[in-house]
Amino acid sequence: MIDDDKRIAAEDAVAEIRDGMLVGIGTGSTVAFAIRAIAARLPELRQAIFFATSIATEQAARDAGIPIGRFARTSRLDLTIDGADEIDPALRVIKGAGGALLREKIVAAASERMVVIADGSKQVERLGTAPLPVEVLPFARGFVAARLAALGAEPVLRMADEGSWRSDQGNIIFDCHFASFPDPAGLAVALQAIPGVMGHGLFLREVDAAYIADRGTVTKMERNTT
Ligand code: 5RP
């Protein structure tokens, strides 16, 4: 069961949290299991402070009794636990199917250590099967769509019932499909250079470790720092 795999990956990652840590909490269905695991450990984590990467996570954490700090008042965290849409063998990751990529990237950058949690379906040999989400200022929609197409993408505007889907910041998202996925590092630089692009889902250096569960067994991948 995929949900059992999500749960055990989340529980192993939550075991990294020590009392007194400042901890970022990502967004998504796998992170929902991390929130439950954190709530279960709260009696031993009284001095830890948690920070949410989305309004949905903040609400879910508060509902579970987890105290949430204001990220705007901090500059560094000890650890962040987040989900992922694709993870390659070099711990390069695509994120953002849940639409929280911009806050997730900021929180990841502020974190001493970032771990991702996932079921085995997220493990890939090469990035690029999942669409790459790009968060865009609505004002720049047409301009950015053209620039994304020039980079080889087919940008699909993410929709909601009432029109274009909006991020917690009020921005739109283009889910970008590539006929052949370009060099991720070069693509990240090119995307960030487009005025109006607020963020993208390539996390190429942020992730320090991954807990990936497949049919009941959790494998931990650690970034090789030597
Ligand atoms: C949200 C994300 C999520 O962490 C990612 O989409 C994984 O979600 P899930 O655990 O539901 O598969 O990046 O912006």
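Numbering (the numbering used here), first residue to last: 345 to 570. Note that beta-carbon positions come from the ideal geometry of N, C-alpha and C, so glycine has one too.
Cα atoms of residue 553 and residue 357: separation of roughly 9 Å, rounded to the nearest angstrom. Here residue 550 carries a coil assignment [DSSP, helix/strand/coil]. Ranked by Cα distance from residue 401, the options 379, 466 and 451 are led by 379. Counting the other CB atoms within 10 Å of its CB gives residue 505 a total below 16, which places it among the exposed residues.
The bridge partners DSSP lists for residue 430 are 438. Remark: three or more beta-carbon pairs, one from each stretch, lie closer than 8 Å, so the stretch 536-549 and the stretch 483-493 are flagged as touching.
Beta-bridge partners of residue 467 (DSSP): 431. Apart from the 5 residues on each side of it in sequence, residue 409 sits with its Cβ closer than 8 Å to the Cβ of 383 and 386 in its chain, given in chain order.
Beta-bridge partners of residue 462 (DSSP): 556.
In the structure shown, residue 499 falls within a strand segment according to DSSP collapsed to helix, strand and coil.
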